[in-house]
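Colleague: To start, I am sharing the structure in question, which I have written as structure tokens.
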Amino acid sequence: MTSHDASLLWISNEYYDAVTPGPEDQLYFVEPLVEKLSMTDFLANISSGSKSGEGDIRYLQSQNGNLYSSDYFEGAESFSEFQPLRTDVPSDIPFCTEALGRTPDAVNLWIGDGRSITNPYENIYTVLRGAKHFTLLPPTEGWCLKGKFEPTLLT
Numbered sequence: 164m165t166s167h168d169a170s171l172l173w174i175s176n177e178y179y180d181a182v183t184p185g186p187e188d189q190l191y192f193v194e195p196l197v198e199k200l201s202m203t204d205f206l207a208n209i210s211s212g213s214k215s216g217e218g219d220i221r222y223l224q225s226q227n228g229n230l231y232s233s234d235y236f237e238g239a240e241s242f243s244e245f246q247p248l249r250t251d252v253p254s255d256i257p258f259c260t261e262a263l264g265r266t267p268d269a270v271n272l273w274i275g276d277g278r279s280i281t282n283p284y285e286n287i288y289t290v291l292r293g294a295k296h297f298t299l300l301p302p303t304e305g306w307c308l309k310g311k312f313e314p315t316l317l318t
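Given below as structure tokens:
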């Protein structure tokens, strides 16, 4: 995977796929800049950014199954940017499939540093190194979040 190119994301603050003030303080749903970069260059960059705590935040993630997509679970041919990792990453976690009564909709790889913040979607996480902190709310408190739709702004 070291020389393999992957779609890597850049943001200028810790919030991605998030509502952020834009021009004239209008709120927008902001998407990150996507760039192809080798895993070697990405890992060197993320390591140096984590140590210095400065500069743009780069991370690797995408939605809709960057390792295993819904097509894979439906038995169709499924391409993955991270095909070489499939031999090391299972397509599902048995206790999750049993608990949910179905296979996952998608399996995604996410690599970031302490400056990036994870999206609020329903996920099952496996932390390979470091720590991840979550604030969990019961579904009955969802109304307290006062969610609303905002226009999209591409960075």
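Residues 164 to 318, numbered by the working numbering, are exactly what the sequence shown covers, in order. Glycine included, each C-beta is placed from N, C-alpha and C at the ideal position.
What first and last residue would you give for the alpha helix (DSSP H) that runs through PRO257?
Modeller: By one-based count along the sequence shown, residue 257 stands at place 94. PRO257 -> alpha helix (DSSP H) spans 257-263.
Colleague: Taking PHE192 as part of the beta strand (DSSP E), name the residues at either end of that continuous run.
Modeller: Taking the sequence shown and counting its residues from 1, the one referred to as residue 192 is at position 29. Start and end: 190-194.
Colleague: What residue range does the beta strand (DSSP E) around TYR222 cover?
Modeller: Within the sequence shown, the letter at position 59 stands for residue 222. Unbroken beta strand (DSSP E) run through TYR222: 220-222.
Colleague: In whole angstroms, give me the CA-to-CA distance for ILE274 and SER170.
Modeller: Numbered from its first residue, the sequence shown carries residue 274 at position 111. Numbered from its first residue, the sequence shown carries residue 170 at position 7. When rounded, the distance between both Cα atoms is 12 angstroms.
Colleague: Just to check my reading of the structure: SER166 and THR203 have Cβ atoms closer than 8 angstroms, yes? What is that Cβ distance to the nearest angstrom?
Modeller: Sequence index remark: in the sequence shown, residue 166 carries index 3 (1-based). Sequence index remark: in the sequence shown, residue 203 carries index 40 (1-based). The pair is a contact, with the Cβ atoms about 7 angstroms apart (cut-off 8 angstroms).
Colleague: Report the residue from ARG221, GLN189 and TYR235 whose alpha carbon sits nearest the alpha carbon of ASN227.
Modeller: Position 64 of the sequence shown holds residue 227. Among ARG221, GLN189 and TYR235, the Cα nearest to that of ASN227 belongs to TYR235.
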